[in-house]
Amino acid sequence: MPYQGETTTCTWTVSLRDASGTVPVSLADLTTTDQLGNTYRLSPVPGKGTPPSVLRPGQRATFEVRTVMKVGEGLLRWAPGGGKTLAEWDFEVEND
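For reference, each letter of the sequence shown is one residue, going 0 to 95 in numbering that gives the first Met the number 0.
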């Protein structure tokens, strides 16, 4: 069986649309945490789009972000403007 490390590169495609008002967008507002409570900062994937500084009604944006995370459970959170978390998604990091 091939070696499977404790960490792996994780990539997410983020699609934003249907804003009802002007929403600030920053990679600093997206974070992931693992099952141990470690927080990971996300980086843009070169050539896969960049987030706009704001999303306005009628505007769409799609971009990819990634980080290296520990294998196991994770949570991706979005808190526009560094405020309250408006959305979160759970996921499983696998390397098989």
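All C-beta atoms, glycine included, are put in the ideal place defined by N, C-alpha and C.
For the beta strand (DSSP E) that contains residue i, what are its first and last residues?
i     : result
GLY57 : Per DSSP, GLY57 belongs to no beta strand (DSSP E) and is neither H nor E.
ALA78 : It is not in any beta strand (DSSP E) - ALA78 carries neither H nor E in the DSSP assignment.
Between the Cα of residue i and the Cα atoms of the options, which residue gives the shortest distance?
i     : options                    : result
THR31 : VAL24, ALA60, CYS9, THR21  : CYS9
PRO56 : THR21, SER14, PRO1         : THR21
ASN37 : PRO43, THR6, THR61         : THR6
GLU91 : ARG76, GLY71, ALA18, VAL44 : GLY71
GLN58 : ASP89, VAL13, GLY81, ASP17 : ASP17
Please go through the same chain and pick out, in chain order, the residues whose beta-carbon is closer than 8 Å to the beta-carbon of residue i, but skip the five residues on each side of it.
i     : result
LEU41 : TRP11, LEU26, LEU29, THR30, THR31, VAL64, ARG65, THR66
Using the rule of at least 16 other Cβ atoms within 10 Å of the residue's Cβ for burial, across every protein chain shown, is residue i buried or exposed?
i     : result
PRO50 : buried
GLY73 : buried
Report back the beta-carbon spacing between residue i and residue j to the nearest angstrom; my notes put them in contact at under 8 Å.
i     : j     : result
PRO1  : PRO79 : About 41 Å separates the two Cβ atoms, so there is no contact after all.
LYS69 : ASP95 : At roughly 15 Å, the Cβ-Cβ gap does not stay under 8 Å, so LYS69 and ASP95 are not in contact.
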